[in-house]
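S.K.: Residue numbers (mature numbering (1 follows the signal peptide of the UniProt record, and there is no 0)): -30 to -1, 1 to 136. No residue lacks a Cβ here, since even glycine has one placed at the ideal position from N, Cα and C. Below is a structure I'd like to ask you about.
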């Protein structure tokens, strides 16, 4: 009688473990399939995303860091930011920020807004803005960063992953 209970107990434990494993594996596979990458940006369900130009090859004589970010900011709104930091005070430092919306039909990013901010005789410049957007799409930010003493200026870029605005 005791042996039957032990065998039954082991079988129940094995069946329970098999059920847990079979339920867990498909969920992991489904989440892998949901993470799509388009033009370098993953489509995510995160609240925010940021990107930097930390590639050592992108850093030069003048540019120390280029960065950008996108954050959910309430119903149908996002907050976007871009900044350029030079290694020292330069004649010209600039950032251009682009806001993109994912176009599922074309599997590509469409630009919906862009602007720039420049500074002279400085080492840092940044710009940010709240933007109203259509719900049901992924949005990302791209930025170009410039710094130097004379034209042509040193340049690099940064970009974020896409975040879903519901």
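1) Using the beta-carbon count (16 or more within 10 Å), is residue 90 buried or exposed?
2) Does residue 43 come out as helix, strand or coil in the three-state DSSP assignment?
3) Going straight from the alpha carbon of residue 117 to that of residue 86, what length do you get?
4) Helix, strand or coil: how does DSSP classify residue 103 here?
5) Find out if the Cβ-Cβ distance for the pair residue 109, residue 70 is shorter than 9 Å.
6) If you measure between the beta carbons of residue 120 and residue 61, is that distance less than 9 Å?
7) Does the Cβ of residue 100 have 16 or more other Cβ atoms within 10 Å, making it buried, or fewer, making it exposed?
8) Please classify residue 90: does DSSP put it in a helix, a strand, or coil?
9) Shortest alpha-carbon distance to residue 140 belongs to which of 92, 124, 98 and 7?
M.R.: Straight from the coordinates:
1) Within the chain shown, residue 90 is the residue found at index 120, counting from 1. Classification for residue 90: exposed.
2) Translated into the one-based positions of the chain shown, residue 43 becomes position 73. Coil.
3) Mapped onto the chain shown, residue 117 falls at position 147. Mapped onto the chain shown, residue 86 falls at position 116. Cα to Cα, residue 117 sits roughly 13 Å from residue 86.
4) Residue 103 sits at position 133 when you count from the first residue of the chain shown. Here residue 103 sits in coil by DSSP.
5) Counting from one through the chain shown, the residue named residue 109 turns up at place 139. Counting from one through the chain shown, the residue named residue 70 turns up at place 100. Cβ atoms of residue 109 and residue 70: closer than 9 Å.
6) Taking the first residue of the chain shown as position 1, residue 120 is located at position 150. Taking the first residue of the chain shown as position 1, residue 61 is located at position 91. Yes. Within cutoff.
7) Locating residue 100 in the chain shown gives position 130, counting from the first residue. It counts as exposed.
8) Counted from its first residue, the chain shown places residue 90 at position 120. Reduced to three states, the DSSP call for residue 90 is strand.
9) No answer is possible for residue 140: it lies beyond the span of the chain, which begins at -30 and ends at 136.
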